[in-house]
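Number 79 in the UniProt record's numbering belongs to position 79 of the sequence shown; there are no gaps in the numbering. Input: a single structure, listed below in structure tokens.
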Amino acid sequence: MPSQTCSIDTLVVPGLNGSAAGHWQRHWVEDQPSSIMVEQDDWAHPELCAWKARLEQQLSSCRSGAWIVAHSMGCLLTAQMADSPLRHLIRGALLVAPCDLKTTENQHPDVIRFGEMPCQRLPFPSLMIGSSNDPYMDTETVQRTASCWGSRLVNLGPVGHINPQSGFGRWSEGYDFLSQLQTAVEGRREIQPPKSTRSAPISLAEPHVHSHA
Numbered sequence: 001m002p003s004q005t006c007s008i009d010t011l012v013v014p015g016l017n018g019s020a021a022g023h024w025q026r027h028w029v030e031d032q033p034s035s036i037m038v039e040q041d042d043w044a045h046p047e048l049c050a051w052k053a054r055l056e057q058q059l060s061s062c063r064s065g066a067w068i069v070a071h072s073m074g075c076l077l078t079a080q081m082a083d084s085p086l087r088h089l090i091r092g093a094l095l096v097a098p099c100d101l102k103t104t105e106n107q108h109p110d111v112i113r114f115g116e117m118p119c120q121r122l123p124f125p126s127l128m129i130g131s132s133n134d135p136y137m138d139t140e141t142v143q144r145t146a147s148c149w150g151s152r153l154v155n156l157g158p159v160g161h162i163n164p165q166s167g168f169g170r171w172s173e174g175y176d177f178l179s180q181l182q183t184a185v186e187g188r189r190e191i192q193p194p195k196s197t198r199s200a201p202i203s204l205a206e207p208h209v210h211s212h213a
């Protein structure tokens, strides 16, 4: 591992096919010097054991722990860390547009080997950012998954899969969400929606859904 990983405190975890140039996750690692992309050997054929081993390898170099910023199948990978011996190193996770495993397998047949959809409660704090028209996870499944994982949920409305195809390049709100998660975890404070759409705050105390169009 590169020596600079000792100063890394945020791991950016992409999903199927990775996050190419222009994706908000790629901008994230360019904008945030304390973050690094968790790169997989084969982005086109997700295999749970290999992907999990790579995430664990990267996490193990973060002696003080790390925050995770995951997208799509990267959210499922992060949830699979619930039984990892390194789970205590995950300080919290921002889970953006998680995908439903069966739906994703149906849309990309014969390329995914990711076991079953994780359904255990996460042993680390998490904030899920969802959409009302995500082709990879419908609204009901988003709510059920957030409840199952014990995640706070903010539904951004009809914004697709929260990727470049739905207009998400550099995503400043994402930085705000992670910052608020960090503040909530470290100070047990409430998480606020972005200022442009702010209404009720979101507490980490109990599962809650906040929606805005």
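Glycine included, every Cβ here is placed at the ideal spot set by N, Cα and C.
query, result
"Return the chain-ordered list of same chain residues with a C-beta closer than 6 Å to the C-beta of residue 148, the five sequence neighbours on each side being excluded.", "119"
"Touch check for the segment 130-137 and the segment 50-69: three-plus C-beta pairs under 8 Å?", "no"
"Is any non-hydrogen atom of the ligand GDP found closer than 7 Å to the C-beta of residue 107, if you look at the structure I gave you?", "In terms of ligand content, the structure shown is empty, and the ligand GDP therefore cannot be addressed."
"Quick check: what's the CA-CA separation for residue 18 versus residue 35?", "16 Å"
"Straight-line CA distance for residue 59 to residue 161?", "26 Å"
"Is there a Cβ of chain C sitting closer than 8 Å to that of residue 132, yes or no?", "Note that chain C does not occur in the displayed structure, where there is just one protein chain."
"I believe residue 181 touches residue 125 by the beta-carbon criterion, under 8 Å. Please report the beta-carbon distance rounded to the nearest angstrom.", "7 Å"
"Which same chain residues, not among the five before or five after residue 42, have their C-beta less than 8 Å away from its C-beta?", "50"
"Looking at C-alpha atoms only, which residue of 110, 85, 63, 121 is the closest neighbour of residue 76?", "121"
"If I'm right that residue 108 touches residue 16 with Cβ under 8 Å, what's the distance once you round it to whole angstroms?", "6 Å"
"Given residue 111, which residues of its chain have a CB within under 6 Å of its CB, disregarding the five upstream and five downstream residues?", "45"
"Tell me where the alpha helix (DSSP H) around residue 60 begins and ends.", "48-60"
"Whole angstroms is fine: what's the gap from residue 186's alpha carbon to residue 153's?", "19 Å"
"Can you tell me whether DSSP reads residue 170 as helix, strand or coil?", "coil"
"Expressed to the nearest angstrom, what Euclidean distance is found between the alpha-carbon atoms of residue 155 and residue 80?", "23 Å"
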